[in-house]
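J.:
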Amino acid sequence: MSGARLRFNRAVTGDYPEMLYFRFASFAVIIAFAALLASRSTQITGMARTYPSILIFAVIVGTLALATKEFLGRKVLATPVSQDVAKIIASPPSSRARFAGFVLVWLAFPWLLVSVGFVVATTITISASFWLLKFGRPGYGIVGAALFSLGCAVLCATVFYIPLPPGAIDDWIGRTLFALSK
7 MSGARLRFNR
17 AVTGDYPEML
27 YFRFASFAVI
37 IAFAALLASR
47 STQITGMART
57 YPSILIFAVI
67 VGTLALATKE
77 FLGRKVLATP
87 VSQDVAKIIA
97 SPPSSRARFA
107 GFVLVWLAFP
117 WLLVSVGFVV
127 ATTITISASF
137 WLLKFGRPGY
147 GIVGAALFSL
157 GCAVLCATVF
167 YIPLPPGAID
177 DWIGRTLFAL
187 SK
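When the sequence shown is numbered by the numbering used here, its final residue is 188 and no position is left out of the sequence of numbers.
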């Protein structure tokens, strides 16, 4: 039996002790990311801070509850992993590297937001995600990500009244919307 197939079989049947560490490491990463977002959301003022605060709180509490359930119910730790996680474990190194790149791109997203603004950061992150996951043609991914980012920026400014991290394009959108509303 090949090494990849053996890893896949072990992951599916639950005979993969590293999964215990993987689960707790995953919980720690989720909590750390939520804490990072919480520290960045302190710059948001007024009512605009309510939604992110509630969402971040729910993520932290929910993750802690799942980690506690995993820790207290040892039988849960011995259950087989899902087919999706087993496929990731058994995938070739190049696929795992692309997946790791995808995760890193999204971890870098909050810093990009502050540096270049919402529209550019979202376009870069979604385009890079499409490219890393080999989803369609790169040109279509860039155009689709840009249209999605612009649409979200306009919706946040006009419908939801959520302030977004400003960048050159975000400022232009704000000035244009203000000029159109006169």
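We put the CB at the ideal spot given by N, CA and C, even for glycine.
1. Given a cut-off of 9 Å, decide if isoleucine 175 and glycine 123 are closer than it, judged by their beta-carbon atoms.
2. Give the range of the alpha helix (DSSP H) segment to which alanine 163 is assigned.
3. How should serine 133 be labelled, buried or exposed, when 16 other C-beta atoms within 10 angstroms of its C-beta is the threshold for buried?
4. Assuming alanine 54 contacts isoleucine 168 under a Cβ cut-off of 8 Å, what Cβ separation, rounded to an integer in Å, is found between them?
5. Phenylalanine 105: which of Val125, Ser135, Leu119 sits nearest, CA to CA?
6. Looking at the secondary structure, which residues open and close the alpha helix (DSSP H) in which proline 98 lies?
7. Relative to the C-alpha of leucine 118, which residue among Pro172, Ser59, Arg29, Gly68 is closest?
8. Using the Cβ count rule (16 or more neighbours within 10 Å means buried), how would you classify valine 125?
9. So does the segment 60-68 actually touch the segment 34-52, counting three or more Cβ pairs closer than 8 Å?
10. Counting beta carbon pairs with one atom in the segment 28-35 and one in the segment 144-164, are three or more of them shorter than 8 Å?
11. Among Val160, Val165, Ala163, Ala127, which one has its Cα closest to the Cα of isoleucine 148?
12. Roughly how many angstroms lie between the CA atoms of glycine 180 and cysteine 158, to the nearest whole one?
13. Please go through the same chain and pick out, in chain order, the residues whose beta-carbon is closer than 8 Å to the beta-carbon of tryptophan 112, but skip the five residues on each side of it.
14. Under DSSP, the alpha helix (DSSP H) around leucine 72 begins and ends at which residues?
15. Here's a check: name, in chain order, each residue in its chain whose Cβ is nearer than 8 Å to the Cβ of valine 82, leaving out the five neighbours to either side.
16. Per DSSP, what kind of secondary structure is isoleucine 179 in: helix, strand or coil?
17. Using CA atoms only, rank isn't needed, just tell me which of Ser121, Phe28, Phe108, Thr56 is closest to leucine 138.
18. What residue does the alpha helix (DSSP H) around leucine 139 start on, and which one ends it?
T.: Once the coordinates are examined:
1. Taking the sequence shown and counting its residues from 1, the one referred to as residue 123 is at position 117. Taking the sequence shown and counting its residues from 1, the one referred to as residue 175 is at position 169. Taking 9 Å as the Cβ cut-off, glycine 123 and isoleucine 175 qualify as a contacting pair.
2. As a position in the sequence shown, residue 163 is number 157, starting the count at 1. From DSSP, alanine 163 is part of no alpha helix (DSSP H); its letter is neither H nor E.
3. One-based indexing of the sequence shown puts residue 133 at position 127. Buried, because 16 or more other Cβ atoms sit within 10 Å of the Cβ of serine 133.
4. Numbered from 1 along the sequence shown, position 48 holds the residue referred to as residue 54. Numbered from 1 along the sequence shown, position 162 holds the residue referred to as residue 168. Correct: roughly 6 Å between the Cβ atoms.
5. Here residue 105 refers to the residue found at position 99 when the sequence shown is read from its first residue. That would be Ser135, whose Cα lies nearest to the Cα of phenylalanine 105.
6. For this step, residue 98 is matched to residue 92 along the sequence shown. Neither: proline 98 is in no alpha helix (DSSP H) and is coded neither H nor E.
7. Numbered from 1 along the sequence shown, position 112 holds the residue referred to as residue 118. Considering only alpha carbons, the answer is Pro172.
8. Within the sequence shown, residue 125 is the residue found at index 119, counting from 1. By the 16-neighbour rule on beta-carbons within 10 angstroms, valine 125 is buried.
9. Of all C-beta pairs linking the segment 60-68 to the segment 34-52, three or more are shorter than 8 Å, placing the two stretches in contact.
10. With a cut-off of 8 Å, the segment 28-35 and the segment 144-164 do not count as touching, because too few Cβ pairs lie within range.
11. Within the sequence shown, numbered from 1, the residue matching residue 148 stands at position 142. With distances taken between Cα atoms, isoleucine 148 lies closest to Ala127.
12. Sequence index remark: in the sequence shown, residue 180 carries index 174 (1-based). Sequence index remark: in the sequence shown, residue 158 carries index 152 (1-based). Answer to the nearest angstrom: the Cα atoms are 13 Å apart.
13. The sequence position of residue 112 within the sequence shown is 106, counting from 1. Leaving aside the five residues that flank tryptophan 112 on each side, the residues in its chain whose CB is nearer than 8 Å to its CB run, in chain order, Thr131, Ser135.
14. Numbered from its first residue, the sequence shown carries residue 72 at position 66. Per DSSP, the continuous alpha helix (DSSP H) segment holding leucine 72 begins and ends at 56-78.
15. Translated into the one-based positions of the sequence shown, residue 82 becomes position 76. Legend: pLDDT at valine 82 = 43, less than 50; position of this residue unreliable, no value from coordinates given.
16. The residue you call residue 179 lines up with position 173 of the sequence shown. Helix, per DSSP.
17. On the sequence shown, residue 138 is found 132 positions in, with the first residue counted as 1. Ranking Ser121, Phe28, Phe108, Thr56 by Cα distance to leucine 138 puts Phe108 first.
18. Numbered from its first residue, the sequence shown carries residue 139 at position 133. Per DSSP, leucine 139 lies in no alpha helix (DSSP H) and is assigned neither H nor E.
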